[in-house]
């Protein structure tokens with residue numbers, strides 16, 4: 002199972018919305034994932050296969066696999082931004 006963390010600055014609303022969208026997308030494509038939402042500081046110390054966040058935070062996750070999304074809530078944009086990366090990681094597991 003693929004381990005994903007969705008990250009926003011405070012870990013309250015945006016990362017939770019992104020978590021729900023990522024779970025929906027993966028479910029629709031038959032990809033087994035465990036998704037956790039987190040604030041930036043907590044996410045830096047957690048281990049996972051993929052971090053999904055916005056461009057402004059992505060560059061601060063050095064030496065980690067990060068997917069950048071353009072929106073925390075627009076499912077179509079999120080799917081465009083992360084689905085291929087998730088498929089590749091899931092196939093490699």
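In our numbering, the protein residues as written are 2 to 94. Yeah, the Cβ is synthetic: ideal placement off N, Cα and C, and Gly gets one too. It should be emphasised that the depicted structure is a prediction, and the values quoted were computed from it without experimental measurement.
Asked: Across the segment 45 to 59 and the segment 70 to 78, are there enough close Cβ pairs to call them in contact, namely three or more that are closer than 8 Å?; Found: yes
Asked: Name the residue from 58, 87, 85, 76 whose alpha carbon lies nearest to the alpha carbon of residue 12.; Found: 58
Asked: Would you mind working out which of 22, 62, 60 sits nearest residue 38, comparing C-alpha positions?; Found: 22
Asked: Can you list, in chain order, the stretches of the alpha helix (DSSP H) that have 4 or more residues and sit fully within the segment 5 to 58?; Found: 15 to 29, 41 to 44
Asked: For residue 19, which residues from the same chain have a beta carbon less than 6 Å from its beta carbon, with the 5 sequence-adjacent residues on both sides left out?; Found: 7, 73
Asked: Residue 9 to residue 78, Cα distance in whole Å?; Found: 17 Å
Asked: Per DSSP, residue 3 forms a beta bridge with which residues?; Found: 34
Asked: Straight-line CA distance for residue 50 to residue 30?; Found: 18 Å
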